[in-house]
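Numbering (the working numbering), first residue to last: 347 to 680.
Printed below as a string of structure tokens:
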């Protein structure tokens with residue numbers, strides 16, 4: 347049965363999810379710029395992202411935030427982490443109290459160090475809190491839009507709402523699993539971007555496949571350590587929101603965070619790298635948040651700290667690699 351869905355964010359991920367939903371449901375896609383919304387409605391294409399793909403006729407766009415969420419049974423938030431507080435704070439009063447809100451945001455808020463589930467809980471009506479669902483897992487927008495097989499997880503404290511979204515979003519090419527571990531899904535989706543920058547540096551320096559595999563494995567250990575301290579189920583990091591997303595983001599050529607690391611290894615300035623990207627590499631902000639959370643919870647995260655020092659120009663990429671390899675020797679389980 348068709349249901350009304352609002353998708354906030356006309357970047358590549360918001361656009362691909364709007365396309366996915368519009369096969370079965372009535373979808374409104376919110377774009378920040380009126381000219382983008384007008385172009386989508388006129389051309390049935392997004393002029394900035396996935397622009398070679400025709401959008402379904404039943405999908406329409408708007409730059410009116412209230413219109414995008416009012417009377418929508420499902421509201422999908424697919425905007426960069428630094429815009430969530432502003433956009434969702436503005437939209438909050440227009441979202442139905444019985445709506446399910448799905449966040450696809452893989453980041454941590456700068457300065458507050460809050461996960462997106464915490465930010466949304468602060469902004470939205472308490473009646474919506476049980477209906478907050480968080481989508482995570484290995485999912486490049488381009489491949490979803492092309493109909494290539496993709497598996498993700500939907501985490502919600504009340505799993506029945508995750509199951510409801512699962513039934514609404516799943517297709518033969520887009521398979522959704524459910525989970526009750528919101529903290530694990532949120533941290534897995536955010537922290538893997540930091541490790542992807544490290545792997546990009548490793549690849550850019552030409553350090554080899556052994557080094558890449560070691561970084562990914564020890565990076566997963568860092569993610570699990572911090573997640574466990576913050577209340578996540580360690581097993582979540584062995585699933586789609588953990589190792590699944592980590593493998594994709596560290597090795598896929600479409601990974602923005604890996605590309606940041608490779609450009610840093612080539613000697614480019616961070617501001618120049620970020621300024622030249624059409625979409626946000628969440629790992630740049632998340633690195634600082636990860637290190638702050640690690641300090642707060644007394645967790646050692648040497649890879650994340652090394653990435654932070656490179657981003658802040660305290661170490662060169664080569665110095666960061668040497669520091670990691672010459673740390674005090676210890677048990678693998680530490």
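Ideal placement from N, C-alpha and C gives every residue a C-beta, glycine not left out.
Remember, predicted model here, so these are calculated numbers, not experimental data.
Counted as a single uninterrupted DSSP element, the alpha helix (DSSP H) harbouring residue 432 occupies residues 427 to 437.
Check the Cα spacing between residue 484 and each of 496, 475, 474 and 477: the tightest is with 496.
Taking a contact to require three or more Cβ pairs closer than 8 angstroms, the stretch 566 to 585 and the stretch 535 to 548 qualify as touching. According to DSSP, residue pairing for residue 372 in a beta bridge involves 350. Inter-residue distance for residue 559 and residue 443 is about 46 angstroms (C-alpha atoms, whole angstroms). For residue 592, the CB contacts under 8 angstroms within the same chain, skipping 5 residues up- and downstream, are 534, 538, 541, 542, 562, 565, 566 and 569 in chain order.
Here residue 349 has 371, 372, 419, 420 and 514 as same chain residues with Cβ atoms under 8 angstroms from its own Cβ, once five neighbours each way along the sequence are excluded.
Remark: C-beta atoms of residue 624 and residue 636 do not approach each other more closely than 7 angstroms. Along the length of the stretch 606 to 678, whole alpha helix (DSSP H) runs at least 4 residues long occupy 616 to 621, 629 to 643, 648 to 657 and 663 to 671, reported in chain order.
The C-beta separation of residue 366 from residue 517 comes to about 7 angstroms, placing the pair in contact by the 8 angstroms criterion. In the DSSP annotation of this structure, the continuous segment of the beta strand (DSSP E) that includes residue 406 starts and ends at 405 to 408.
Per the Cβ contact rule, the stretch 393 to 409 is not in contact with the stretch 461 to 471 (fewer than 3 Cβ pairs under 8 angstroms). In the DSSP assignment, the residues bridged to residue 525 are 501. Per DSSP, reduced to three states, the secondary structure at residue 481 is strand. For residue 574, no beta strand (DSSP E) encloses it; the enclosing alpha helix (DSSP H) starts and ends at 555 to 575. For residue 597 and residue 360, the gap between their C-alpha atoms comes out near 23 angstroms. The stretch 628 to 643 makes contact with the stretch 572 to 582; the number of CB pairs closer than 8 angstroms reaches 3 or more. Per DSSP, residue 596 has no beta bridge partner at all.
With at least 16 other beta carbons inside 10 angstroms of its own, residue 663 counts as buried. By the neighbour-count definition (other C-beta atoms within 10 Å, threshold 16), residue 609 is a buried residue. Excluding the 5 residues flanking it on each side, residue 508 has same chain C-beta neighbours closer than 6 angstroms at 479, 500, 502 and 524, in chain order. Looking at the DSSP output, residue 421 sits in a beta bridge with 352 and 447. Taking each of 545, 669 and 530 in turn and checking the Cα distance to residue 605, the smallest one comes out for 545.
A Cβ-Cβ separation of about 7 angstroms places residue 449 in contact with residue 481 under the 8 angstroms criterion.
As the crow flies, the alpha-carbon of residue 425 is around 7 angstroms from that of residue 357. Annotation: the continuous alpha helix (DSSP H) that includes residue 462 extends over 462 to 469.
For residue 388, the enclosing alpha helix (DSSP H) covers residues 380 to 389. Cβ contact annotation for residue 653 (same chain, cutoff 6 angstroms, sequence separation greater than five): 540, 543, 544 and 633, in chain order. Between the beta-carbon of residue 407 and that of residue 377 there is about 6 angstroms, and that keeps the pair under the 8 angstroms contact cut. A residue is called buried when at least 16 other Cβ atoms come within 10 angstroms of its Cβ; residue 532 meets this threshold and is buried.
Nearest C-alpha to residue 368 among 352, 382, 383 and 379: 352. Counting the other CB atoms within 10 Å of its CB gives residue 434 a total of 16 or more, which places it among the buried residues. Apart from the 5 residues on each side of it in sequence, residue 613 has no Cβ closer than 7 angstroms to any other Cβ in its chain.
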